[in-house]
Amino acid sequence: MPWSREQLENRRKFLRYLAASPLLASSSLFAGSLRGWMGPSLSAFGIGDTFKPGDLISSPEQALDVMEFEAVARKTLAPAHWGYLATGVDDDATVQANHEGFSKVQIRSRRLVNVEEVDSSVRLFGTIWETPVFLCPVSAMKAFHPEGEAGVARAARAKHHLQILSTAASCSVEEVTAARGGPVWQQLYPTNDWEVGKAIIRRAEAGGAPVLVLTVDLQNNTNRETLFRSRRYDDRECSNCHESGFKGYAARKPMFDGLDVSKVTGLHDAAMNWTFVDRLRDTTKMKLLIKGLVTREDAQLAVQHGADGIIVSNHGGRAEETLRSTIESLPEVVDGVKGKIPVLLDGGVRRGTDIFKALALGATAVGIGRPYAWGLASFGQSGVEAVLSILRRELQLIMREAGTPSIDDITKSFVVTHC
Ligand SMILES: Cc1cc2nc3c(=O)[nH]c(=O)nc-3n(C[C@H](O)[C@H](O)[C@H](O)COP(=O)(O)O)c2cc1C
237 MPWSREQLEN RRKFLRYLAA SPLLASSSLF AGSLRGWMGP SLSAFGIGDT
287 FKPGDLISSP EQALDVMEFE AVARKTLAPA HWGYLATGVD DDATVQANHE
337 GFSKVQIRSR RLVNVEEVDS SVRLFGTIWE TPVFLCPVSA MKAFHPEGEA
387 GVARAARAKH HLQILSTAAS CSVEEVTAAR GGPVWQQLYP TNDWEVGKAI
437 IRRAEAGGAP VLVLTVDLQN NTNRETLFRS RRYDDRECSN CHESGFKGYA
487 ARKPMFDGLD VSKVTGLHDA AMNWTFVDRL RDTTKMKLLI KGLVTREDAQ
537 LAVQHGADGI IVSNHGGRAE ETLRSTIESL PEVVDGVKGK IPVLLDGGVR
587 RGTDIFKALA LGATAVGIGR PYAWGLASFG QSGVEAVLSI LRRELQLIMR
637 EAGTPSIDDI TKSFVVTHC
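Each residue of the sequence shown is one higher than the last, beginning at 237 in the numbering used here.
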């Protein structure tokens, strides 16, 4: 049963009271989760308003951290679109664990190191990027802003970032490549029809994508309760996301244009196994990354089956409720690959210090999903640019403070883990 207006108002007052408590304000862990907790259940659904008008930023330049965009996005988006972006699975506890995992890692700063010049650049498959921060594949971005993935690409171009495009994007790889002014990496949901998956690969190749990212952590029909709950508050027609059946779905996803999807039952293939990876390996000359691995065993198998890289990811807590953060999974994956291929990470990254910690524990690059979607939802391209600028500034700040003038200097000795 949805809450009554009076119940919501009482809850809102109670949460404000809690948030104002100096005791809780001093606990960064709880303050963070409370901040996240207050919003979606109230203002996101247009029922209450958690923030006073002055609490929300009105331009990207005002933002002090990336979380400020979450508040604006929550306020801006239609309830079901917000629900789609925010949702995890079950109790959203893995979404929370991803972020909180970083608080179990502490930084050991060194002093008296010359940090006049700080260089945050990294090399990935022969390309040098100014920072290790990449934009994860996030589907259906026109649900967040009319500019969609093309707006993200213009921001990635302006700020010189690597962008990975989702198979389920609302802009085509050609449009996004043009907006990016250069190739993007293509993420692959192969579907259960090999011919459809292969056609998407060929199109990405023709679009110049140098890297294919196979996502392996998601099955169809995940239990996204926050999304389902948000729909109770949003019965508006939205042709962008409410048509049923795969045919209707594919009709709105440009990467399926012109493909025969009559045999497709879903984006994901429950029968996918390592033989599928071998077949994929033999099908394309693009570099092949596997996204969604979290164990040493799978990391070793990925190396054996010819993967060129791994993204440690749990789909931003949207796949299954493991309660295990990606930053806690990273060390065993790094251990599994034994330096043979690069290991990237995403999930819960919200601060430059989070990026620093992931690099220290062996990641070559670090991805963000929701933060740039919040930026896009809030202000379009300029919001994404601001999110990227904030993370770059924060990373360079901690590099200076910790005494690590280059990314190579950020080693395991700069962190203590309490996982
Ligand atoms: C709304 C949304 C849509 C996503 N769509 C995709 C997708 O199409 N393909 C994919 O591999 N991952 C997808 N992801 C997962 C992200 O690539 C990434 O793993 C995750 O968002 C990182 O966690 P973060 O949101 O905490 O930064 C999606 C995530 C969100 C929030």
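Cβ coordinates follow ideal geometry from the N, Cα and C atoms, glycine included. For clarity, every value in this text was computed on a predicted model and none was experimentally measured.
With a cut-off of 7 Å, the C-beta of residue 372 is classified as near ligand 1, since at least one heavy atom of the ligand falls inside that distance.
Only residues of its own chain outside the window of five on either side were considered, and among them 319, 320 and 323 have a CB closer than 7 Å to the CB of residue 463, listed in chain order. Here the alpha carbons of residue 386 and residue 407 stand approximately 7 Å from one another. Excluding the 5 residues flanking it on each side, residue 560 has no same chain C-beta neighbour closer than 6 Å.
Counting along the chain, the unbroken beta strand (DSSP E) around residue 363 starts and ends at 363–365. Rounded to the nearest whole angstrom, the C-alpha separation of residue 433 and residue 370 is 24 Å. Using a C-beta cut-off of 8 Å, the region 531–546 makes no contact with the region 305–317, since fewer than three inter-stretch Cβ pairs fall below that distance. For residue 412, the uninterrupted alpha helix (DSSP H) run begins and ends at 409–416, by DSSP.
With a threshold of 7 Å, the Cβ atom of residue 607 counts as near ligand 1, since some heavy atom of the ligand is closer than that.
Judged by DSSP in its simplified three-state form, residue 548 adopts strand. Bridge pairing for residue 582: 603 [DSSP]. Shown here, residue 571 sits in a helix according to DSSP, grouped into three states. With respect to residue 306, residue 293 sits apart: the two C-beta atoms are not nearer than 8 Å. Under a 10 Å Cβ-count criterion, residue 610 is classified as buried, with 16 or more other Cβ atoms of the shown protein chains found around its own Cβ. Contact check for residue 549 against residue 571 fails: the beta carbons are separated by 8 Å or more. In this structure the region 353–372 lies against the region 387–398, because at least three pairs of beta carbons, one per stretch, are closer than 8 Å.
In the structure shown, the three-state DSSP call for residue 460 is coil. Collapsing the DSSP output to three states places residue 542 in coil. In the assembly as shown, residue 640 is a buried residue. Its beta-carbon has 16 or more other beta-carbons within 10 Å. Straight through space, the alpha carbons of residue 302 and residue 455 are spaced by roughly 30 Å. Residue 509 is classed as exposed because its beta carbon has fewer than 16 other beta carbons within 10 Å across all chains shown. Separation of residue 650 and residue 585 (C-alpha to C-alpha, rounded to the nearest whole angstrom) is 18 Å.
Bridge pairing for residue 632: absent [DSSP]. For the pair residue 374 and residue 348, the Cα-to-Cα distance works out to about 41 Å.
Counting only residues of its own chain and dropping the five nearest sequence neighbours on each side, residue 622 has a CB closer than 8 Å to the CB of 296, 297, 299, 305, 611 and 615. Of all alpha-carbon atoms in 458, 469, 544 and 356, the one lying nearest the alpha-carbon of residue 503 is that of 458. For residue 501, no beta strand (DSSP E) run applies, since DSSP gives it neither H nor E. Relative to the non-hydrogen atoms of ligand 1, the Cβ of residue 404 comes within a distance shorter than 7 Å of at least one.
With distances taken between CA atoms, residue 414 lies nearest to 445 out of 445, 427 and 431. Here the distance from the Cβ of residue 357 to the nearest heavy atom of ligand 1 is not below 7 Å.
Distances from the CB of residue 313 to the heavy atoms of ligand 1 are all 7 Å or more. Sequence-distant Cβ neighbours of residue 620 in its own chain, meaning closer than 6 Å and more than five residues away, are 388, 391, 608, 611 and 612.
For residue 576, no beta strand (DSSP E) run applies, since DSSP gives it neither H nor E. Bridge pairing for residue 400: 421 [DSSP]. If the five residues before and after residue 436 are omitted, its C-beta is found closer than 7 Å to the C-beta atoms of 403, 424 and 491, all from its own chain and listed in chain order. Sorting 576, 542 and 528 by C-alpha distance to the C-alpha of residue 522 places 542 at the top.
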